[in-house]
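**Q**
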Amino acid sequence: MPPPYAGPTFRKVEQIDWPDFTRSGALLGRRTRPLLIKGAIRHWPATERWTFERLAQLRRADGSEVTTRFQIGIAEQGESRQDLIQPIAPYLLALARKQREAFAAGDDQLGLLSAEQHAHLSPTERFRLDWSYMKMLPRDQPYISVWHILKEFPQLWVDFPVKSLWKGTRWDWGYTFLGPGKSVTGFHFDYPTNLFCQVSGAKEFLLFPPDQNAYMAPSSKYDWGGRMSHVDITRLDEQPQIAATFARACGLYARVESGDALFVPRRTWHAVVSSVPSVSLAVFGMTPWQLLVDGVPSVALAGLHAAGLYGRGNCTCHGKAAQAAPPAARTVPWGR
1 MPPPYAGPTF RKVEQIDWPD FTRSGALLGR RTRPLLIKGA IRHWPATERW
51 TFERLAQLRR ADGSEVTTRF QIGIAEQGES RQDLIQPIAP YLLALARKQR
101 EAFAAGDDQL GLLSAEQHAH LSPTERFRLD WSYMKMLPRD QPYISVWHIL
151 KEFPQLWVDF PVKSLWKGTR WDWGYTFLGP GKSVTGFHFD YPTNLFCQVS
201 GAKEFLLFPP DQNAYMAPSS KYDWGGRMSH VDITRLDEQP QIAATFARAC
251 GLYARVESGD ALFVPRRTWH AVVSSVPSVS LAVFGMTPWQ LLVDGVPSVA
301 LAGLHAAGLY GRGNCTCHGK AAQAAPPAAR TVPWGR
């Protein structure tokens, strides 16, 4: 029997507590490396208002139930599955129950690196992950991914005072992730910077800065606002050459828990594993210069893709049943 896959080495991502961050006067916009801010959003209204139960009560202006797009399985690697369009309320109420059960069972303490192992690591210590954990994860779970909820319900922005944490002149937009435990977002990078706000639940982030590009097997799969990787963390044993190259990389690891915010600079490769059902909001931001450098080319490629002239049949969006969604849900801004 071959030895278990060792994979890349990791260090803990740089971390700071919210009170220390506020005293430091640091500006996130100047950073080029990821930063985990513990407790950064714990005082925001979202931590009380954005429960699965309360989100299930959302209704449209005419009183009708809310439907949205559900991603099936991993979109970043392999062949994208056709999305489902269905009501959110039954799904979110089921996740509320599963989240309570998962916390009671201690699932938030498990993962590619357990919470206990993480607690005993020094900031500079190199370590590897337990990739056998990925074999325990179910495949093809439905997942509300990149839902542009704040465009459909702009009144909810008041729950996220982003400017108090991430200062500067930018164009911001937010995508919500509402999904089960043991779900995966595959490796990719985004052109915009991402302030990832973990409202509830727990997630593991695997991050690789741009200087690790040579080990990340970039793919040609088209996506609105980022670049996909061939590295599939759910099937590394089926990708021997890619896995061998990936194992030479040096990454950063973050455990992002309820009330935390993770700053992910643009073009940072990352994959995410949810240990328990979670409510998250990714706030993407681009400065005027970044809009010019990355935004304009992305919009041009989007036009070519819509015309069937670029990335057709090899994309994260092709074949999705968007026509079943209400008009607001069909509106896709620039970005993932």
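full-length UniProt numbering puts the first residue of the sequence shown at 1, with every later residue one more than the last.
The beta carbon of each residue, even a glycine, is placed where N, CA and C say it ideally should be.
#1: For a minimum of 3 consecutive residues, which ranges assigned as the beta strand (DSSP E) are wholly contained in the stretch 7-92?
#2: So what's E257 in DSSP terms, helix, strand or just coil?
#3: Just to confirm, is the Cβ distance from P142 to M286 under 8 Å?
#4: So, does the stretch 216-235 touch the stretch 76-88, judging by three or more C-beta pairs under 8 Å?
#5: Looking at the strands, I want to know which residues DSSP matches up with C315.
#6: Along the chain, where does the alpha helix (DSSP H) containing T245 start, and where does it finish?
#7: Given a cut-off of 8 Å on the beta-carbon distance, is the pair V199 and V273 in contact?
#8: Got a sec, what are the start and stop residues for the alpha helix (DSSP H) S298 sits in?
#9: Please classify L165 as buried or exposed, where buried requires at least 16 other C-beta atoms within 10 Å of its C-beta.
#10: Between which two residues does the beta strand (DSSP E) carrying K135 extend?
#11: Measure the alpha-carbon distance for R312 versus L281 and round it to whole angstroms.
#12: Please state whether DSSP places L236 in a helix, a strand or coil.
#13: DSSP state of E204, grouped into three classes?
#14: Round the Cβ separation of V146 and V283 to the nearest angstrom and send it over; I've been treating them as touching at under 8 Å.
#15: For a test of the three-state rule: what should DSSP assign to F160, helix, strand or coil?
#16: What does the Cβ neighbour count give for residue 375, buried or exposed, with the cut at 16 atoms within 10 Å?
#17: Report the partner residues of F263 according to the DSSP bridge assignment.
#18: Given C250, which residues of its chain have a CB within under 6 Å of its CB, disregarding the five upstream and five downstream residues?
#19: For L156, which option in A94, E48 and L92 has the closest C-alpha, if you only look at C-alpha atoms?
#20: Find out if the Cβ-Cβ distance for the pair G259, I41 is shorter than 8 Å.
#21: Of the choices D140, R11, A61 and L28, whose alpha-carbon is the least far from that of F70?
#22: Assuming A96 and T51 are in contact, meaning their beta carbons sit under 8 Å apart, how far apart are those beta carbons, in whole angstroms?
**A** Per the coordinate set shown:
#1: 9-12, 15-17, 35-38, 67-72 and 84-87
#2: strand
#3: no
#4: yes
#5: Y222
#6: P240 to F246
#7: no
#8: V296 to A306
#9: buried
#10: No beta strand (DSSP E) holds K135; DSSP gives it neither H nor E.
#11: 29 Å
#12: helix
#13: strand
#14: The Cβ separation is near 12 Å, so there is no contact.
#15: coil
#16: Lying outside 1 to 336, the shown extent of the chain, residue 375 is not represented and no answer is given.
#17: L35 and L195
#18: T9
#19: E48
#20: yes
#21: D140
#22: 7 Å
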